[in-house]
Amino acid sequence: MSIAITINEEEFTAEQGQTVMELAQQHDIYIPHFCWHPGLSIAGVCRFCMVEVEGRPKLEIACNLPVTAGMQVRTDSEPVQEAHKWALEFHLINHPLDCPICDQAGECGLQDYYMQVGKYQAQMTQAKVLKPKKLDVGVDLVLDTERCILCSRCVRFEDEVTKSGGLGIFDRGDRAIIGTYQNKRIEHNYTTNLVDICPVGAFTSKDFRFKKRVWFTQEAQTVCPGCATGCAIDLAFNADLKRYYRIKPRFSEVNAHWMCNFGRGMYMHLNVEQRLLSAYSAAEDAHKPMLKTDTAHIVQALAEQLQQAQQVALLVTPQYTVEDYRALLAFFVGKLGIRNVHQWRSRQEDTEKFDGVLWRGDQNPNSRGLLEVLAEFGIDKQQGNEFDTLAAGNYDLVIALAPQVLATFADIETDLQKLQELPWVSLWASAKQVLDYRYQQVLALTCFAEQRGTYRNYAGVERQLHAATSPVSAEIMSITALVEKLAACCKAQEDEHGSS
Amino acid sequence: MASSSTFDVALQAKIKHHLERFETRRSAILPILNDIHQQYGFVSPAQVQALEDEFDLPRLQVQEVISFYSRYRQQQPSRYHVQFCDNIVCRMFASQQLIAKLKAKAAGCAAGTLSVEPVPCLGVCDGAPAMLVNDERHLRVTCDNLDGIIDDYLQRASDA
Ligand code: SF4
Ligand code: SF4
Ligand code: FES
Ligand code: FES
Chain U
1021 MSIAITINEE
1031 EFTAEQGQTV
1041 MELAQQHDIY
1051 IPHFCWHPGL
1061 SIAGVCRFCM
1071 VEVEGRPKLE
1081 IACNLPVTAG
1091 MQVRTDSEPV
1101 QEAHKWALEF
1111 HLINHPLDCP
1121 ICDQAGECGL
1131 QDYYMQVGKY
1141 QAQMTQAKVL
1151 KPKKLDVGVD
1161 LVLDTERCIL
1171 CSRCVRFEDE
1181 VTKSGGLGIF
1191 DRGDRAIIGT
1201 YQNKRIEHNY
1211 TTNLVDICPV
1221 GAFTSKDFRF
1231 KKRVWFTQEA
1241 QTVCPGCATG
1251 CAIDLAFNAD
1261 LKRYYRIKPR
1271 FSEVNAHWMC
1281 NFGRGMYMHL
1291 NVEQRLLSAY
1301 SAAEDAHKPM
1311 LKTDTAHIVQ
1321 ALAEQLQQAQ
1331 QVALLVTPQY
1341 TVEDYRALLA
1351 FFVGKLGIRN
1361 VHQWRSRQED
1371 TEKFDGVLWR
1381 GDQNPNSRGL
1391 LEVLAEFGID
1401 KQQGNEFDTL
1411 AAGNYDLVIA
1421 LAPQVLATFA
1431 DIETDLQKLQ
1441 ELPWVSLWAS
1451 AKQVLDYRYQ
1461 QVLALTCFAE
1471 QRGTYRNYAG
1481 VERQLHAATS
1491 PVSAEIMSIT
1501 ALVEKLAACC
1511 KAQEDEHGSS
Chain P
245 MASSSTFDVA
255 LQAKIKHHLE
265 RFETRRSAIL
275 PILNDIHQQY
285 GFVSPAQVQA
295 LEDEFDLPRL
305 QVQEVISFYS
315 RYRQQQPSRY
325 HVQFCDNIVC
335 RMFASQQLIA
345 KLKAKAAGCA
355 AGTLSVEPVP
365 CLGVCDGAPA
375 MLVNDERHLR
385 VTCDNLDGII
395 DDYLQRASDA
């Protein structure tokens, strides 16, 4: 049943059971809050979300105020503003206000509100209560208990989302302190969400803290490539420096407000020191390291090998986009009629595994997408690792798409080793690590942060990638661009043969 | 229930009873802690752990409650633990001097016999200055009768 109410004299239709906070949020009316979080239960403890309701003598908290017919709400009246001011002053009584050395600065609720509605002249004259400032309470977590405003979001996350119940509030009054039982560490794959939801700098991330002030980063809305779930993420980077700093979850139906710690690491392999920055070809002495060569030459050499080869195979990992697979298969399968396509997957994966929250044992973001595109080209396959059948094929050319995230393939070294024993391999990859091996040639690919495209997650839901930056080097190309170049080369060769 | 429980049979039965009494198990924490405290005079970390292991009450939630209420002791108190009021009315009746006197007396006793703790108003201001020796209440304590009251207890201790 829908209900008519007004907020700041504007009319809205609300659903029965909705709270004023939810309705306001839905219509982009901002009500300041600390303890309310759309993914957690209502606690109503920070008393910051005060609104005025016509006909009620006292201000009410919007987060726990169900809409009723004809309700007239004000979020901007003088009593409301005054309440914010004093609630903030209250929260700041024992807060250290150490923003200059706090990693949360720039994305801190307390700091933002202070700039908006702070009293600027504190009226407390007593000394602040001091508490432990640098507790190691778990994976990726540093806890500064002085900065905590006791909103209990983290406690509810532990109780409701991961159901691990690791956090509590001990003691009472101004000695009340957030913590774990006897400072035990919280060890699960979702701890960094605590850093995200903590509205202040009490929880900070070991990995991210002091690396970059947040106002020097931009965010790209893209998708985690860490597993078949495909969580929506904000990837923080600095475009001028072409550096990536961290990953935070972004709300989507698939992952709600959360993501796993493993997925947070998906920015590391994007940075320049881990990347393959140009194409390489085998040295004359095949035991020597490969030599840097420009991409045009390598593609030319590949086109020639394609012409000569009797048996050609594609070896494809499920870590690229649907669009890239289409471009790849349109050329190799559609145009050249090559039908030897092998899936390359981790040997030790357990694709059935699911941790009950988000993370899946299928650590490829596009297993389904790959199978679907293969089917479009008349190649029907089941999901499975076909790496080991490669050797038996007697191929004189193998074009291999390496995993983007080498860490998701438990035996990647064995595979890369075995691959170099084959007669002629063109390896397409984005990680520098492949240079430890010797192949006929290596081509440098873009990574997920440098391109648009689509993954299909475990349930078949489309997950859309958006580019953050241009590639870290000019020699780096997407699969689609490489295939185009290769096709052009092949065409030129044909024309030459035709005319001679 | 394992026979090797941290709690005796009667206490186990009480704990079980409380756990069934309320809508949520969490609500039973307070009465359970009261019973344990009553019996032992304190709640130890081992007992908190036992509540988790034997009764599936999360130790973290139990500890939250214990730390919230300063009346719960977490260590074994002395044989005679004096809680002396040092709030306003008792203070006007010299509670501070009495507390100092008691502290000096406690220091002269064997370890673990006598201890003193200043506490807020005991709610018997009309009988100020007031103190509790373990659970027994003494009103209108004076410099003259204090020694006698405490010595009675100490005598009992040495008789036992
Ligand atoms: S640590 Fe952060 S999330 Fe947890 S109660 Fe304190 S302020 Fe809230
Ligand atoms: S659950 Fe999967 S998709 Fe989501 S953050 Fe973790 S690894 Fe990435
Ligand atoms: S957001 Fe409503 S009381 Fe905290
Ligand atoms: S002031 Fe001592 S009992 Fe109230």
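If you read the sequences in order, they're chains U and P. The first sequence begins at 1021 in my numbering and counts up by one. The second sequence begins at 245 in my numbering and counts up by one. Backbone N, C-alpha and C fix where the C-beta goes; we use that ideal spot for every residue, glycine too. The model shown is predicted, which means the values in this text are computed figures rather than measured ones.
For a quick check, are the C-beta atoms of residue i and residue j less than 7 Å apart?
i, j, result
"L1108 (chain U)", "Y1133 (chain U)", "yes"
"R476 (chain P)", "A401 (chain P)", "In the structure as shown, chain P starts at 245 and stops at 404, and residue 476 (chain P) therefore has no counterpart that could be examined."
"A1539 (chain U)", "L1311 (chain U)", "The first residue shown for chain U is 1021 and the last is 1520, placing residue 1539 (chain U) beyond what the model contains."
"A1420 (chain U)", "L1447 (chain U)", "yes"
"G1188 (chain U)", "D1179 (chain U)", "no"
"F337 (chain P)", "A294 (chain P)", "no"
"W1379 (chain U)", "C1280 (chain U)", "yes"
"T1033 (chain U)", "S1022 (chain U)", "yes"
"I280 (chain P)", "V287 (chain P)", "yes"
"F1223 (chain U)", "L1297 (chain U)", "no"
"A1240 (chain U)", "H1486 (chain U)", "yes"
"G1529 (chain U)", "Q1101 (chain U)", "Residue numbering for chain U in the displayed model covers 1021 to 1520; residue 1529 (chain U) lies beyond these limits and cannot be assessed."
"A1291 (chain U)", "R1266 (chain U)", "With the sequence shown as reference, residue 1291 (chain U) is identified as Asn, and Ala is not the correct amino acid for it. Contact: no."
"D1191 (chain U)", "N1114 (chain U)", "no"
"Y1478 (chain U)", "G1389 (chain U)", "no"
"A1063 (chain U)", "S1172 (chain U)", "yes"
"N1258 (chain U)", "T1237 (chain U)", "yes"
"I1217 (chain U)", "H1111 (chain U)", "no"
"F1282 (chain U)", "G1246 (chain U)", "yes"
"C1174 (chain U)", "L1214 (chain U)", "yes"
"I1025 (chain U)", "V1065 (chain U)", "no"
"Q1440 (chain U)", "Y1415 (chain U)", "no"
"P1219 (chain U)", "F1054 (chain U)", "yes"
"R1205 (chain U)", "G1158 (chain U)", "yes"
"R1393 (chain U)", "I1358 (chain U)", "It should be pointed out that residue 1393 (chain U) corresponds to Val in this sequence rather than to Arg. Taking 7 Å as the Cβ cut-off, V1393 (chain U) and I1358 (chain U) do not qualify as a contacting pair."
"I1318 (chain U)", "Q1461 (chain U)", "yes"
"N1386 (chain U)", "P1423 (chain U)", "no"
"V326 (chain P)", "L342 (chain P)", "no"
"L1348 (chain U)", "V1503 (chain U)", "yes"
If I follow the unbroken alpha helix (DSSP H) through residue i, where does it start and stop?
i, result
"M336 (chain P)", "332-336"
"L398 (chain P)", "387-403"
"T1434 (chain U)", "1432-1440"
"V309 (chain P)", "303-312"
"H325 (chain P)", "Careful: H325 (chain P) lies outside any alpha helix (DSSP H), inside the beta strand (DSSP E) at 324-329."
"K347 (chain P)", "339-352"
"I273 (chain P)", "273-284"
"G1389 (chain U)", "1387-1396"
"D297 (chain P)", "289-299"
"E1098 (chain U)", "1098-1111"
"N1281 (chain U)", "1281-1284"
"I1217 (chain U)", "1212-1217"
"K1262 (chain U)", "No alpha helix (DSSP H) holds K1262 (chain U); DSSP gives it neither H nor E."
"A1044 (chain U)", "1040-1046"
I'd like the span of the beta strand (DSSP E) that includes residue i, first residue to last.
i, result
"T1315 (chain U)", "Element bounds for T1315 (chain U): not the beta strand (DSSP E) but the alpha helix (DSSP H), 1315-1328."
"F1190 (chain U)", "1188-1190"
"H382 (chain P)", "380-382"
"R1476 (chain U)", "1473-1476"
"R1094 (chain U)", "1092-1094"
"Q320 (chain P)", "Unbroken run through Q320 (chain P): none, as it is neither H nor E."
Is any non-hydrogen atom of ligand 6 found closer than 6 Å to the C-beta of residue i, if you look at the structure I gave you?
i, result
"T1165 (chain U)", "Absence of ligand 6 is noted for the structure shown, with ligand 1, ligand 2, ligand 3 and ligand 4 being the only ligands found."
Quick one: is residue i near chain C, going by C-beta distance under 7 Å?
i, result
"A1487 (chain U)", "Note that chain C does not occur in the displayed structure, where the protein chains are U and P."
Of all the beta strand (DSSP E) runs that stay within the bounds of the region 1331-1375 of chain U, which reach a length of 3 or more residues? 1332-1336, 1361-1363
Give me every residue whose Cβ sits closer than 7 Å to any heavy atom of ligand 3, in chain order. U:M1041, U:H1053, U:F1054, U:C1055, U:W1056, U:A1063, U:G1064, U:V1065, U:C1066, U:R1067, U:F1068, U:C1069, U:I1081, U:A1082, U:C1083, U:N1084, U:C1171
Got a sec: which bits of the region 1255-1279 of chain U sit with their beta carbon under 8 Å from any beta carbon on chain P, in order along the chain? none
Which residues of the region 1176-1200 of chain U have a Cβ closer than 8 Å to any Cβ of chain P? Give them in chain order. G1185, G1186, L1187, G1188, I1189, F1190, D1191, R1192, T1200
Please list the residues of the region 310-322 of chain P that have a C-beta atom closer than 9 Å to any C-beta atom in chain U, keeping them in chain order. Correct list: I310, S311, F312, Y313, S314.
What are the residues in the region 293-311 of chain P lying within 8 Å of chain U by C-beta distance? Along the region 293-311 of chain P, going in chain order, the ones with a CB nearer than 8 Å to a CB of chain U are P302, R303, L304, Q305, Q307, E308, S311.
For a minimum of 3 consecutive residues, which ranges assigned as the beta strand (DSSP E) are wholly contained in the region 1400-1434 of chain U? Unbroken beta strand (DSSP E) stretches of 3 residues or longer found wholly inside the region 1400-1434 of chain U: 1417-1421, given in chain order.
Secondary structure, alpha helix (DSSP H): runs of 4+ residues fully inside the region 1138-1217 of chain U: 1173-1176, 1212-1217
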